[in-house]
Amino acid sequence: RLMTDPNGSKYLQWLLKQQFVDNKTECIQFIADHIVCLSRRKFICRVVQEILKAIDDQQIVMKIAAAFQKQCEQQKGSAQDTLSQCVQCCNANRVLQFLIQSGLPFAAMKFLGDELNRNLVQYSEDRNACHVLQSFVKMYGDKIDIAQLLSNKAHLYLARTVHGNYVIQCLIKRNEWYSKLDAFVVFREKLIYDIFGESNLEYFSKHKQGSNVIEECIRSSTAKQISYLTNILCKAQGSLLRKLMRDKFGNYVPKTLLRFASRKQQFFIVNTVDAYIVNLNFGRQYLSNFKHCAEFIDACASIKNHGQLQ
């Protein structure tokens with residue numbers, strides 16, 4: 002009853018903090034005995050996180066993780082307290098993220114990895130579960146079976162969803178410790194070439210979340226992949242480049258590309274813009290037609306006039 006009442010919750014927060022100071026062992030045992038229930042409560046979950054942060058013995062944290070698993074299994078079938086509900090809960094997901102970030106051996110968190118793998122697409126596009134999934138990837142890498150996202154074009158579907166696009170960006174980042182693992186190399190290359198393809202590039206570029214994913218693709222691309230994208234944008238007298246320059250989301254793609262392109266590729270882009278889209282000697286006169294792309298046009302003019310971005 003205390004946990005469901007705002008004032009009662011505040012009192013319980015104070016009580017837990019005080020008990021942790023005065024009676025640490027009993028407090029930790031109370032947390033472990035009720036970890037799922039406490040984690041799901043709006044205010045109490047914050048206290049649980051604070052107490053977990055103060056525990057410097059990893060064995061104790063492992064016991065709490067085991068208690069979380071056991072309590073979810075005991076209540077399996079309940080709409081309120083199954084592990085699936087906890088992963089998607091706006092409060093419990095934060096406790097799960099803390100348990101992941103505690104650096105426990107994978108064996109201690111395998112129960113959670115199995116649950117995430119069971120319905121990866123659903124969790125990727127859930128507003129709370131997507132954070133748990135990203136934390137798990139950052140800690141345990143290829144223990145998440147990301148290859149399943151390449152089935153039925155789920156990777157392309159998620160790239161355009163409000164929350165799934167952040168998961169996709171997490172999976173393709175190049176400079177993370179897990180980015181060199183085979184599963185991530187294969188996934189990144191497949192996604193990049195699929196999205197950079199002519200049939201998808203305009204479609205994704207003109208979508209808010211899709212545009213964000215393409216920008217991350219560019220940041221994570223090899224020189225060969227950057228060249229591939231440059232050629233796609235500049236072919237046919239820059240017809241696709243012109244369309245993206247006019248679009249409120251698409252304009253971010255050439256802006257980002259210009260920053261990551263080689264010197265030779267930059268001049269190729271600039272020459273295409275200058276010859277077929279905007280006379281860069283009078284670039285500002287075209288802003289009524291390209292109101293979203295003033296920064297890109299200025300950058301192109303800078304490269305044309307000074308040989309580099311200013």
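Note that the sequence shown covers residues 2 to 311 in the numbering used here. Glycine is no exception: its CB is placed at the ideal position from the N, C-alpha and C atoms. Bear in mind the structure is a predicted one, so any value in this text is a computation, not a measurement.
request  = Assign residue 12 to one of two classes, buried (16 or more other C-beta atoms within 10 Å of its C-beta) or exposed (fewer than that).
outcome  = exposed
inquiry  = Using CA atoms only, rank isn't needed, just tell me which of 212, 240 and 197 is closest to residue 228.
reply    = 197
query = Contact check, residue 126 vs residue 156 under 8 angstroms by CB: the rounded distance?
reply = With 8 angstroms as the limit, residue 126 and residue 156 do not qualify as a contact, their Cβ atoms being about 12 angstroms apart.
request  = Determine the closest residue to residue 61 out of 83, 78, 176 and 33, with distance taken between C-alpha atoms.
outcome  = 33
inquiry  = Can you check which of these residues, 76, 71, 16 and 77, is closest to residue 49 by C-alpha distance?
reply    = 16
key: Distance, residue 214 Cα to residue 177 Cα   = 17 angstroms
inquiry  = One question on the structure: do residue 150 and residue 121 come within less than 9 angstroms of each other, judged by their Cβ atoms?
reply    = yes
message = I need the boundaries of the alpha helix (DSSP H) containing residue 230, first residue and last residue.
response = 224-247
ask   = Can you list the beta strand (DSSP E) stretches of 3 or more residues lying completely in the stretch 15-86, in chain order?
value = none
request  = Give the single residue among 68, 100 and 217 whose Cα lies nearest to the Cα of residue 57.
outcome  = 100
task = Whole angstroms is fine: what's the gap from residue 47's alpha carbon to residue 64's?
result = 19 angstroms
ask   = If you draw a straight line from the alpha carbon of residue 40 to that of residue 87, how long is it in whole angstroms?
value = 8 angstroms
message = By alpha-carbon positions, which one of 258, 263 and 307 ends up nearest to residue 281?
response = 307
inquiry  = Using C-beta distances below 6 angstroms, list every residue in its chain close to residue 301, excluding the 5 sequence neighbours before and after it, in chain order.
reply    = 271, 274 and 281
request  = Please classify residue 127: does DSSP put it in a helix, a strand, or coil?
outcome  = coil
task = Taking only the alpha-carbon atoms, compute the straight-line gap between residue 108 and residue 115 and give it to the nearest angstrom.
result = 11 angstroms
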